[in-house]
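Asker: Here's a structure for you.
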Amino acid sequence: MSSAEYPEPGQDPRPLIARLRARFGDRALAAFLAILVELAIALLLLTIAPKLLTPPEETVPMAVFGVTPDPVPDPDPEDTESARPAPVERADPVPPRPEPEAAQPAAPLPPTAQPPAMLDIPLGTMPDIATLPRASGASAPARRVAGPATPPADPRDSRRVEGRGPNGEPLYAASWFREPYDSELRGYLSTARPPGWAMIACRTVGEFRVDNCALLDEYPDGSQIGRAVLAAAWQFRVRPPRLRGQYQVGEWVRIKIIYDLRTVSVE
């Protein structure tokens, strides 16, 4: 007889459930099995619960668009030829026709002095000069009284120009000691609207400078060139007017600034 048919000594041959039923009773065995089933259910719920509670993420498909500029059609050669301006035929300049010179009248000949006619008077009939009546009331021509000669004008004197200062002062053409540089004027003229010009009157002061400048005129009106020139006048270096051979500090001068699109010139 083999050993498989008989259990080993000290080992219960009954199944596990039978042994538990015999040891604890049917009620305890049922309670134990119920606990095992609940633990299994709880483990199962814990395993699948995160998947049920987490909402599924919505996947938005990404759309890809191709941005390609529309092809530009090639210009039609016929349209290109028709769009070209027709060549302008330049007429040859016609030389001006010389005007005939007007015939100048001949200069009149100077009159020829005729010799005085000689009267043939006999000596016996000649009147006595002493017995001739004298003309009454005839007076000798008055002599001119000699006085001091008027000093001639110095050709180096400053030229008087049209216009007046703010209080009626005479104006003289400005003679620059040093003309202003373009860099000195460009910053002030940047707010003006060229082309145009501005004319101001200034009183000369020491060190060849000017003061108390006033706007006389500007063109075009509202171009703001006059305001810019007045603001830049403190840099001007002008000689005082020369009168009777002497520089007269304090006299007024007239200054004209011409502002072009590319250049700035002074007068």
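Counting from 1, position 148 in the sequence shown corresponds to residue 150 in our numbering; the numbering is continuous, with no gaps.
For glycine and all other residues, C-beta sits at the position ideal for the given N, C-alpha and C.
Can you find the residues in the same chain that come closer than 7 angstroms, C-beta to C-beta, to D156, ignoring five residues on each side of it along the sequence?
Answerer: If we look at D156 and ignore the five residues flanking it on each side, its Cβ neighbours are R246 and G247.
Asker: Quick check on the burial criterion: 16 or more other C-beta atoms within 10 angstroms. Buried or exposed for R256?
Answerer: The residue is buried, with at least 16 neighbouring Cβ atoms inside 10 Å.
Asker: Can you pull the DSSP bridge partners for W236?
Answerer: In the DSSP output, where bridge partners are listed per residue, W236 has none listed.
Asker: Let's test the definition: count the other Cβ atoms within 10 Å of the Cβ of I227 and tell me whether it reaches 16, buried, or not, exposed.
Answerer: I227 is buried by the Cβ-count criterion.
Asker: Whose C-alpha, out of A33, E40 and S267, is nearest the C-alpha of E181?
Answerer: Checked all of A33, E40 and S267; the closest Cα to E181 is S267.
Asker: Would you kindly check if the distance between the Cβ of F179 and the Cβ of R241 is under 8 angstroms?
Answerer: Yes, they are a contact pair.
Asker: So what does DSSP say about S225, is it helix, strand or coil?
Answerer: If DSSP states are grouped into helix, strand and coil, S225 belongs with coil.
Asker: Whole angstroms are fine: how far does the CA of P172 sit from the CA of A216?
Answerer: Looking at the two C-alpha atoms, the distance is approximately 14 angstroms.
Asker: Closer than 7 angstroms by C-beta to F67: which residues in its own chain qualify, once you throw out the five before and the five after it? Chain order, please.
Answerer: Because F67 sits at a pLDDT of 47, beneath the cut-off of 50, its placement in the model cannot be relied upon, and the following sentence gives the value as read from the coordinates. Once the five neighbours on either side are set aside, F67 has no close Cβ partner at all.
Asker: Quick one: measure Cβ to Cβ for R161 and A175, integer angstroms, because I've assumed they're closer than 8 angstroms.
Answerer: The pair is a contact, with the Cβ atoms about 5 angstroms apart (cut-off 8 angstroms).
Asker: From D28 to T49, what does the alpha carbon distance come to, in whole angstroms?
Answerer: One C-alpha to the other measures close to 32 angstroms.
Asker: Quick one, are the C-beta atoms of A194 and A230 less than 8 angstroms apart?
Answerer: Yes; because the gap between Cβ atoms is below 8 angstroms, this pair is in contact.
Asker: Bridge partners of C204, per DSSP?
Answerer: BP columns for C204 point to V255.
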